[in-house]
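Residue numbers (the numbering used here): 46 to 142.
We treat Cβ as the ideally placed atom computed from N, Cα and C, and that holds for glycine.
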Amino acid sequence: VSGGEWYSGYVCFAKAQGIVEGYSDDSFRPSQEINFVEALKISMIGFDYEYVEGDPWYQNLVDEAEENDFIPGDIYEYGQDLTRGQMAELITRILSS
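This is the structure in structure tokens:
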């Protein structure tokens, strides 16, 4: 990300902490929308839940999220784009556990 953007420090911190990875070409693409499983991975890693890739890569995350009732009720597909409200609900559910 460009160093002059308001979010660049947050992105760099998250990358240094292993919370976000970006893409294989070393880009982050901050204007790209994020889907449910991507947001779930970021959130659970950010709140210190251990992450082990499954098959598909997100299956273990989804299983743990379902067990802990982290998934907002209006999430119907793993690849569905998240709204800000859904992201807020996801974080609230994680913090409430």
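- Inclusion of Ile120 and Phe81 in the CB contact set at 8 Å is warranted, their separation being smaller than that value.
- In this chain, Phe92 is not harboured by any alpha helix (DSSP H), its DSSP state being neither H nor E.
- Distances from the CA of Gly63 to each of Ser141, Tyr96, Ser142 were compared; the closest alpha carbon is that of Tyr96.
- Minimum Cα-Cα distance from Glu98 among the listed residues Val46, Gln131, Glu83 corresponds to Glu83.
- Note on Ala110: 16 or more other CB atoms within 10 angstroms of its CB, so buried under the neighbour-count rule.
- When DSSP reads this structure, Asn80 sits in a beta bridge with Asp126.
- Sequence-distant partners of Ser141 (beyond 5 residues in either direction) whose C-beta falls short of 8 Å from its own C-beta are missing from its chain.
- In the structure shown, Phe58 adopts helical secondary structure according to DSSP, grouped into three states.
- In the DSSP assignment, Asn105 falls within the alpha helix (DSSP H) that extends over 104 to 112.
- Shown here, Ile64 sits in coil according to DSSP, grouped into three states, outside any helix or strand.
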